[in-house]
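Quick notes on the structure that follows.
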Ligand code: AMP
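Residue numbers (my numbering): 3 to 540.
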């Protein structure tokens with residue numbers, strides 16, 4: 003059988019704008035809690051959220067923001083982030099999510115590439131002095147007219163701009179918008195070179211948020227802890243829109259991820275769900291007082307963003323009460339989710355696959371060289387097609403044409419296998435595949451193997467240059483607390499007889515942390531460079 007699958011087509015796609023969807027939820031559940039910001043204790047019901055979103059929307063109209071204008075946000079997670087997200091959607095402004103980890107070069111690139119007119123920003127957060135970076139790049143940011151700092155009088159100033167704008171002006175704006183209109187630009191971090199602005203519509207992200215939480219059984223009774231960043235689809239689509247479409251509660255544990263604070267928020271806010279990239283769940287499960295938190299209200303959640311280790315999933319189920327936890331897979335360019343495990347899947351499917359095709363979406367696995375669809379069980383590139391595929395990269399037809407083929411298939415660059423039962427597994431990135439002496443090695447296989455070592459807390463495997471074999475395997479290992487560091491001999495002894503010789507890492511480097519993006523993606527490129535340097539390899 004071919005590696006092709008199409009998702010179910012019920013319930014139907016939501017054919018409305020984000021503003022219209024919010025309005026429906028507000029009328030159904032005005033008094034239910036919409037949002038909680040744990041660090042400040044601020045709370046909103048849906049009626050209050052609607053009122054405050056409208057105030058920001060009127061402010062944007064008063065500030066002269068027209069339909070299609072780009073409005074940026076450069077801030078860690080906070081309530082105003084959500085207000086800005088929903089307000090821009092109501093007035094038809096395209097929200098540009100600026101990665102909070104960006105520095106001046108990337109920031110000014112994003113401003114100019116998207117043609118940003120107005121920026122909403124935090125003044126600073128941890129080591130990021132956003133105000134200083136804005137000041138430093140102001141001359142280069144050609145289109146930027148105004149910056150509204152959230153923690154200053156600027157925010158009140160924006161709201162004041164809307165004081166004279168009648169509510170009907172926002173309603174009129176909303177009435178003129180279409181579900182297919184672009185509503186957000188998100189710069190992707192994945193590929194080397196310059197960032198590309200994935201442009202997504204109301205239809206793209208509203209439906210993806212809706213179906214992600216539909217598949218984990220969300221209702222207005224649910225309360226979701228969102229420690230993943232809002233600037234990424236995981237936060238603002240799967241999280242915020244996943245809640246808004248169901249009348250559920252957005253719980254913001256903190257501006258940035260902290261394992262203990264997240265666990266505390268789950269306990270205090272009686273959360274029924276929590277999202278995270280694998281490293282966040284690992285950090286929570288290894289938090290010093292993990293067992294002392296009351297997580298009994300948890301039922302579900304989503305792990306996604308990077309390969310989800312089986313053991314970590316099992317601990318979510320066994321130790322975090324997340325009996326209905328799901329794995330989702332996707333990428334920014336596809337809104338993001340393309341596959342997800344289901345609540346009634348057996349343990350194997352729920353812990354060792356990325357699930358099956360999402361509703362209203364098609365997927366296939368193709369030979370990366372010939373483009374032909376491979377047989378089930380064979381490895382190839384994961385491709386997806388449907389409502390979820392982005393409109394394109396902003397102002398970049400060339401890269402768009404390279405990513406989305408003439409038949410509308412998005413080529414993800416991920417290597418995957420579709421099993422006989424239609425469930426898929428990610429086995430790596432095309433560019434992370436290691437070729438040692440002609441043997442193709444998928445680092446994930448070695449990582450899963452070493453993960454079972456009792457002294458190893460986490461592990462990442464990469465290829466490093468080698469004169470004889472072209473590439474050799476190098477494992478970066480994070481030890482469990484109090485365990486002796488492992489060396490290459492110890493790893494060899496552990497793996498000998500259980501792994502083919504060419505899959506046993508030649509080098510082992512013990513580290514405290516892996517270099518990582520804010521969304522929990524390991525920077526393997528950086529690891530390769532650092533390893534080559536540390537090992538003195540050319
Ligand atoms: P981004 O566009 O930042 O969301 O990154 C998308 C990439 O994250 C995908 O192309 C995958 O390489 C990776 N990814 C996302 N979810 C998963 C998952 N569940 N398992 C493995 N890799 C994942």
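Backbone N, C-alpha and C define an ideal beta-carbon position, used for all residues, glycine too.
What residue does the beta strand (DSSP E) around residue 384 start on, and which one ends it? Position 382 of the chain shown holds residue 384. Segment 381 to 388, the beta strand (DSSP E) holding residue 384.
Backbone CA spacing between residue 193 and residue 519 [nearest angstrom]: If you number the chain shown from 1, residue 193 lands on position 191. If you number the chain shown from 1, residue 519 lands on position 517. Confidence at residue 193 is low in this model, with a pLDDT of 49, below 50, so the placement of that residue should be treated as unreliable; the coordinate-derived value is given next. Taking the straight line joining both Cα atoms gives about 12 Å.
Determine, using beta carbons only, whether residue 529 and residue 427 come nearer to each other than 9 Å. In the chain shown, residue 529 corresponds to position 527, counting from 1. In the chain shown, residue 427 corresponds to position 425, counting from 1. No.
Hey, would you say residue 449 sits closer than 9 Å to residue 284, going by beta carbons? On the chain shown, position 447 is the one that residue 449 refers to. On the chain shown, position 282 is the one that residue 284 refers to. For residue 449 and residue 284, no; Cβs fall outside 9 Å.
Excluding the 5 residues preceding and the 5 following residue 440 in the sequence, name in chain order all residues of the same chain whose CB lies nearer than 7 Å to its CB. Position 438 of the chain shown, counting from 1, holds the residue named residue 440. Within the same chain, residue 440 has no close Cβ partners at all.
Should residue 196 go down as buried or exposed, given a rule of 16 or more other Cβ atoms within 10 Å for buried? As a working mapping, residue 196 is identified with position 194 in the chain shown. Exposed is the call here.
So, does the region 13 to 30 touch the region 112 to 128, judging by three or more C-beta pairs under 8 Å? Verdict: no, contact absent.
My output table needs one value for residue 27: the three-state DSSP class, helix, strand or coil. Residue 27 sits at position 25 when you count from the first residue of the chain shown. DSSP places residue 27 in helix when its eight states are reduced to three.
Does any heavy atom of ligand 1 sit closer than 8 Å to the C-beta of residue 237? Numbered from its first residue, the chain shown carries residue 237 at position 235. Flag unset: Cβ of residue 237 not near ligand 1.
Is residue 284 a contact residue of ligand 1, with contact defined as CB to any heavy atom under 8 Å? Residue mapping note: residue 284 aligns to position 282 of the chain shown, counting from 1. Answer for residue 284: no, Cβ out of range of ligand 1.
Just checking my contact of residue 258 with residue 78 at CB under 8 Å: how many whole Å lie between their CB atoms? Translated into positions along the chain shown, residue 258 becomes position 256. Translated into positions along the chain shown, residue 78 becomes position 76. Their Cβ separation, rounded to whole angstroms, is 5 Å, which keeps residue 258 and residue 78 in contact under 8 Å.
Kindly list the residues whose CB is nearer than 8 Å to the CB of residue 524, restricted to its own chain and excluding five residues on each side of it in sequence; keep chain order. Stepping through the chain shown from its first residue, residue 524 is reached at position 522. Cβ neighbours of residue 524 beyond the five flanking positions: 308, 462, 516, 517 and 518.
Cβ neighbours of residue 215 in the same chain (closer than 6 Å, five flanking residues each side left out): Mapped onto the chain shown, residue 215 falls at position 213. These residues qualify, in order along the chain: 244 and 248.
Would you list the one or two residues that DSSP bridges to residue 419? Numbered from 1 along the chain shown, position 417 holds the residue referred to as residue 419. Answer is 381 and 427.
CA nearest to the CA of residue 175, picked from 5, 37 and 59: Taking the first residue of the chain shown as 1, we reach residue 175 at position 173. Here the closest residue by C-alpha is 59.
Does the beta-carbon of residue 107 have 16 or more other beta-carbons within 10 angstroms, so that it is buried, or is it exposed? Along the chain shown, read from residue 1 onward, the residue named residue 107 stands at position 105. Looking at its Cβ environment, which holds fewer than 16 other Cβ atoms inside 10 Å, residue 107 is exposed.
From 12, 513, 444 and 355, pick the residue whose C-alpha is nearest to that of residue 209; which is it? For the purposes of this step, residue 209 is taken as residue 207 along the chain shown, with counting starting at 1. The alpha carbon of residue 209 has as its nearest neighbour, out of 12, 513, 444 and 355, the alpha carbon of 12.
Taking residue 222 as the reference, give the member of 320, 36 and 53 with the closest Cα. As a working note, residue 222 is residue 220 in the chain shown. The residue with the shortest Cα to Cα distance from residue 222 is 36.
For residue 300, count neighbouring C-beta atoms within 10 Å of its own C-beta (all shown protein chains included) and say buried if the count is 16 or more, exposed if not. The residue you call residue 300 lines up with position 298 of the chain shown. The residue is buried, with at least 16 neighbouring Cβ atoms inside 10 Å.
Specify the secondary structure class of residue 342 as computed by DSSP and reduced to three states. Walking along the chain shown from the start, residue 342 turns up at place 340. In this structure, residue 342 counts as strand in the three-state DSSP scheme.
Leaving aside the five residues before and after residue 494 along the sequence, list all residues of the same chain whose C-beta is less than 6 Å from its C-beta, in chain order. Position 492 of the chain shown, counting from 1, holds the residue named residue 494. Cβ neighbours of residue 494 beyond the five flanking positions: 506.
Rounded separation between residue 371 and residue 330 - CA only: Against the chain shown, residue 371 aligns to sequence position 369. Against the chain shown, residue 330 aligns to sequence position 328. Those two C-alpha atoms are separated by around 27 Å.
Does the beta-carbon distance from residue 415 to residue 431 come in below 9 Å? In the chain shown, counting from the first residue as 1, residue 415 sits at position 413. In the chain shown, counting from the first residue as 1, residue 431 sits at position 429. Contact flag set, yes.
Taking contact to mean at least 3 C-beta pairs separated by less than 8 Å, is the region 39 to 52 in contact with the region 73 to 91? yes
Relative to the C-alpha of residue 203, which residue among 488, 186, 157 and 219 is closest? Within the chain shown, the letter at position 201 stands for residue 203. Of the listed residues, the one whose Cα sits closest to residue 203 is 186.
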